[in-house]
Amino acid sequence: MTSLSKLLFGASFLLIVSTAHAQSTESGANDAAVKYLGVQDDLLVFDVSYTNPTGGKFQIVVKDQDGAAIYQNLFAEKTIYKQFRLPKSEKDRVVFVIRDFRDADIVKAFDINVNSRIIHEVAVRKVN
Amino acid sequence: MKSIVLSLLFAGVSLVSLANGPHGPVGDKNESTAEIKYIGANDGEFFFNVLYNNAAGTRFSLAIQDEYGNQLYQGVYSDKKFDKKFKLADPESYGKLVFVIRNFGDNSIQRFEVNSDSRLIEDVQVKEVH
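Chains A and B are the protein sequences, given in the same order. Per the working numbering, the very first residue in the first sequence carries number 112; after that it's consecutive. Per the working numbering, the very first residue in the second sequence carries number 1349; after that it's consecutive.
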């Protein structure tokens, strides 16, 4: 997938923000989690949650396999939950970075492999 | 005639390795009822087995047509036990195939419709990299 197309896709991300949805913790002083939920409507669905007790500014960046940012935004919510829906290609990597500008970046990378196959259904019918 | 599209495979060709299982014909059967069997697909080609019990040994024709009636193949035979395999090289191009067996001895005609549907299946694996 080209960087341009990824940028276009990045602009079309469906983002759902909720301050009430808590996720399990995985790393960092601040609680952060990135979970792959599966495929929905032909898109890869990822949940990103982050607890930011100080209310300081932080950034979420989503990068493609070339390191190009396909989404980035600044936030200051104390608890954030976002759902990202990404298009899939045959071989890809997506990286989520949560940066609070104080501690080390929290980085979650996912390898994506799509194997395609064609199923044929053939019916023979005698018509006379 | 798009004779290139269909090619006759002589009986005895091994098709054991074909990925999809056979689908039997539908319809009433008697001794002279022909059978068209879809054997399977391999490398984007469809394979069919045509069986016809022509006990009298009279001449008969086998024609294969597309959905618009264009003739893709025609052959005339007189085998008493006809058992040959055919392959369709570009099945995506045809929404429907029609096999017609016309026996010149008893003037019988048997017609079979073959409808196919292809679906793309995607297996997605997502693994977190540590």
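All C-beta atoms in this analysis are idealised placements derived from N, C-alpha and C, irrespective of residue type, glycine included.
Exposure of residue i, with buried meaning 16 or more beta-carbon neighbours within 10 Å
i, result
"B/G1388", "buried"
"A/R196", "buried"
"B/G1369", "The predicted position of B/G1369 is uncertain, since its pLDDT is 40 and thus under 50; a value taken from the coordinates is nonetheless stated next. B/G1369 is exposed by the Cβ-count criterion."
"A/A144", "buried"
"B/V1477", "exposed"
"B/P1373", "Because the pLDDT of B/P1373 is 45, which lies under 50, any placement of that residue in the model is unreliable, and the number read from its coordinates should be weighed accordingly. B/P1373 comes out buried."
"A/L185", "exposed"
"B/E1470", "exposed"
"A/T136", "Confidence at A/T136 is low in this model, with a pLDDT of 35, below 50, so its placement is unreliable and the value that follows should be read with caution. The residue in question, A/T136, is exposed, as its Cβ has fewer than 16 Cβ neighbours within 10 Å."
"A/D175", "buried"
"A/L148", "exposed"
"B/G1402", "Per the sequence shown, the amino acid found at residue 1402 of chain B is Asn instead of Gly. Buried."
"A/I230", "exposed"
"A/T130", "A caution first: A/T130 carries a pLDDT of 32, below 50, which makes its placement in the model unreliable, though a value can still be read off. Classification of A/T130: exposed, given that the 10 Å Cβ count is below 16."
"A/A215", "exposed"
"B/Y1416", "exposed"
"B/L1445", "buried"
"A/S227", "exposed"
"B/V1424", "exposed"
"B/S1441", "exposed"
"B/S1466", "exposed"
Contact check, residue i vs residue j, beta carbons under 8 Å
i, j, result
"A/K168", "A/A187", "yes"
"B/F1430", "B/F1447", "no"
"A/Q194", "A/V233", "no"
"A/N239", "B/I1384", "no"
"B/Q1419", "A/N224", "no"
"B/V1462", "B/Y1400", "no"
"A/A180", "A/V172", "yes"
"B/K1433", "B/F1394", "no"
"A/R236", "A/A220", "no"
"B/K1475", "A/D222", "yes"
"A/K189", "A/G166", "yes"
"B/R1407", "B/S1380", "no"
Bridge partner(s) assigned by DSSP for residue i
i, result
"B/S1409", "B/V1424, B/R1450"
"A/G166", "None; A/G166 has no bridge partner."
"A/I171", "A/N184, A/I209"
"A/P198", "A/L154"
"A/K237", "B/F1460"
"A/A144", "A/S160"
"A/K193", "A/V159"
"A/H231", "B/S1466"
"B/D1431", "B/L1399"
"B/Q1419", "B/Q1413"
"B/E1393", "B/N1390"
"B/E1383", "B/L1399"
**OP:** Closer than 9 Å, Cβ to Cβ, to anything on chain B: give me those residues from the region 205 to 231 of chain A, in chain order.
**Re:** Taking 9 Å as the Cβ-Cβ cut-off against chain B, the residues of the region 205 to 231 of chain A that qualify are V205, V206, K219, A220, F221, D222, I223, N224, V225, N226, S227, R228, I229, I230, H231.
**OP:** Return the residues of the region 150 to 174 of chain A that lie within a Cβ-Cβ distance of less than 8 Å from chain B, sorted by chain order.
**Re:** Here the close residues are V150, L155.
**OP:** Could you run through the region 1464 to 1476 of chain B and flag, in chain order, every residue whose CB is less than 7 Å away from some CB of chain A?
**Re:** Those residues of the region 1464 to 1476 of chain B that come within reach of chain A (Cβ to Cβ, closer than 7 Å) are S1464, D1465, S1466, R1467, L1468, I1469, E1470, D1471, V1472, Q1473, V1474, K1475, E1476.
Original post:
Does the count of Cβ pairs from the region 156 to 168 of chain A and the region 205 to 212 of chain A closer than 8 Å reach three?
Top reply: Under the Cβ criterion (8 Å, minimum of three pairs), the region 156 to 168 of chain A counts as touching the region 205 to 212 of chain A.
Original post:
For the region 1405 to 1422 of chain B against the region 1434 to 1450 of chain B, are there 3 or more C-beta pairs whose distance is under 8 Å?
Top reply: As far as the Cβ criterion goes, the region 1405 to 1422 of chain B touches the region 1434 to 1450 of chain B, which means the pair count is three or higher.
Original post:
If you measure beta-carbon to beta-carbon, which residues of the region 179 to 190 of chain A are closer than 7 Å to chain B?
Top reply: Listed by position along the chain: nothing, the set is empty.
Original post:
Residues in the region 1450 to 1464 of chain B with C-beta within 9 Å of chain A's C-beta atoms, listed in sequence order?
Top reply: Look at the region 1450 to 1464 of chain B: the residues with a C-beta under 9 Å from a C-beta of chain A are I1457, Q1458, R1459, F1460, E1461, V1462, N1463, S1464.
**OP:** Identify each residue in the region 1378 to 1395 of chain B for which the Cβ-Cβ distance to at least one residue of chain A is less than 9 Å, and report them in chain order.
**Re:** If the cut-off is 9 Å between Cβ atoms, the region 1378 to 1395 of chain B has T1381, A1382, E1383, I1384, K1385, Y1386, G1388, A1389, G1392, F1394 near chain A.
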